[in-house]
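Under this note's numbering, think of the first position of the sequence shown as 317, with each following residue one higher.
Backbone N, C-alpha and C define an ideal beta-carbon position, used for all residues, glycine too.
These numbers were taken from a predicted model, which means no experiment stands behind them.
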Amino acid sequence: MDGKAYLSVSGEVKSALAKGLPVVALESTIITHGMPYPQNLAMARDVEDVVRKAGAVPATIAIMDGRLCVGVSGDDLERLAVEGHRAAKASRRDVAALLASGEMAGTTVATTMQIAALAGIAIFATGGIGGVHRGAEDSFDISADLEELGNTPVTVICAGAKSILDIAKTLEVLETNGVPVLGFGTDDFPAFWARTSGFKVDHRFDTAAAVAKMLSIQSDLEMGGVLIANPIPEADAWEPEAIEAFITQALADAETQGIAGKATTPFLLKRIFELTEGRSLASNIALVKNNARVAAEIAVELAAIEANKASVHRP
Ligand code: PSU
Ligand code: MN
317 MDGKAYLSVS
327 GEVKSALAKG
337 LPVVALESTI
347 ITHGMPYPQN
357 LAMARDVEDV
367 VRKAGAVPAT
377 IAIMDGRLCV
387 GVSGDDLERL
397 AVEGHRAAKA
407 SRRDVAALLA
417 SGEMAGTTVA
427 TTMQIAALAG
437 IAIFATGGIG
447 GVHRGAEDSF
457 DISADLEELG
467 NTPVTVICAG
477 AKSILDIAKT
487 LEVLETNGVP
497 VLGFGTDDFP
507 AFWARTSGFK
517 VDHRFDTAAA
527 VAKMLSIQSD
537 LEMGGVLIAN
547 PIPEADAWEP
557 EAIEAFITQA
567 LADAETQGIA
577 GKATTPFLLK
587 RIFELTEGRS
597 LASNIALVKN
607 NARVAAEIAV
617 ELAAIEANKA
627 SVHRP
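Below is the structure:
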């Protein structure tokens, strides 16, 4: 028996994969731990629509009822959204324990990549990735997302990393792990709510077709994941200085309340939501939709390249 035995793939996703149609994986920690109910449910449904409109099939991934579920929708999606913080937050190390217990869990970027790869999905859209936390030299808090990106051949489209993290150190670890960091229509590595972080990306690509060509070569080379940084739309973006004040306050509150480990990212997101009176959430939702659209466009281009490769190689 291998890992695939634990997969439950929806009929729609299964048939799309069998036909070589474009599929975009979506994570679920953003649903359970990243946003409050009911906005999380509305977001999850809207993002699926965005992917469909751009010509791809959405595959929301979560751990439910002792299965690695790919293509969670309808009532199951609602169950997950309602469960929220009561659900587990599944990092790579939690997967086997959660399958054994049957507990419901949102999957982080790392775990969603792991399950997407198992299901044969190459493209994955999220909001922001985890990274090296500020003060990591003392706490050792570095997200498993960075290790997974180095090892697992899935492309993650995100809006950069939040400046609740140490972005310079995050980029250093990505380099160490051999992860290409591409800017989509930008030379700057974006900082989630803000379009710039003060750091550059390694390579800039301006079209989905150009990205897909690079991804197809990365796949031929049998290398690991790729990170695509797609800045938040201008209309929803914050000035870096404007959001920094709220981040500093949230970090101070986390310290005072002794928040550590896997609770850190959800705590900071919730606190920034409160401090910005909900405005951070509106931006968060806008950037996730924007990433889902770009991911779908890339998936469409990649599917065309792969179909072409297959026909050329056919005897
Ligand atoms: N950033 C967000 N929303 C989120 C997360 C990050 O804006 O929901 C989640 C993602 O699932 C990411 C995880 O993979 O937090 C990282 O958690 P940690 O830092 O504990 O690895
Ligand atoms: Mn951590």
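- Residues of the same chain with a CB within less than 8 Å of the CB of Ala623, apart from the 5 flanking positions on each side, are Gly336 in chain order.
- Rounded to whole angstroms, the gap between the alpha carbons of Thr486 and Pro338 is 30 Å.
- A residue is called buried when at least 16 other Cβ atoms come within 10 angstroms of its Cβ; Ser455 does not meet this threshold and is exposed.
- For Ser513, the three-state secondary structure derived from DSSP is strand.
- Three or more pairs of CB atoms, one per stretch, sit closer than 8 Å, so the segment 517-524 contacts the segment 490-502.
- Distance from the Cα of Val604 is smallest, within the candidate group Glu364, Arg587, Ile533 and Gly494, for Glu364.
- A buried status is given to Thr442, since no fewer than 16 other beta-carbon atoms sit within 10 Å of its beta-carbon.
- Secondary structure note for Arg368: its alpha helix (DSSP H) is the uninterrupted segment Gln355 to Lys369.
- Setting aside the 5 residues that flank it on each side, Val495 is surrounded in the same chain by Leu462, Leu465, Gly466, Gly540, Gly541, Val542 and Leu543, each with a C-beta closer than 8 Å to its C-beta; the list follows chain order.
- Restricting attention to beta strand (DSSP E) runs no shorter than 3 residues, the segment 527-584 encloses them at 542-545, ordered along the chain.
- For the pair Ile458 and Thr423, the CB atoms are not nearer than the 8 Å cut-off.
- Between Ile437 and the set Gly387, Asp552 and Ala545, the nearest pair of CA atoms involves Gly387.
- Taking 7 Å as the cut-off, one finds at least one heavy atom of the ligand MN near enough to the beta carbon of Ser459.
- Contact between the segment 505-512 and the segment 548-560 is present: 3 or more CB-CB pairs across the two stretches fall below 8 Å.
- If only complete runs of 3 or more residues are kept, the segment 390-428 shows the beta strand (DSSP E) at 404-406 and 421-423, in order along the chain.
- In this structure, the ligand PSU has a non-hydrogen atom nearer than 7 Å to the beta-carbon of His349.
- Beta-bridge partners of Ser324 (DSSP): Cys385.
- Collapsing the DSSP output to three states places Gly494 in coil.
- Here the alpha carbons of Thr592 and Asp552 stand approximately 14 Å from one another.
- For Lys578, the CB falls within less than 7 Å of some heavy atom of the ligand MN.
- Here Ser417 is exposed: its Cβ has fewer than 16 other Cβ atoms, across all protein chains shown, within 10 Å.
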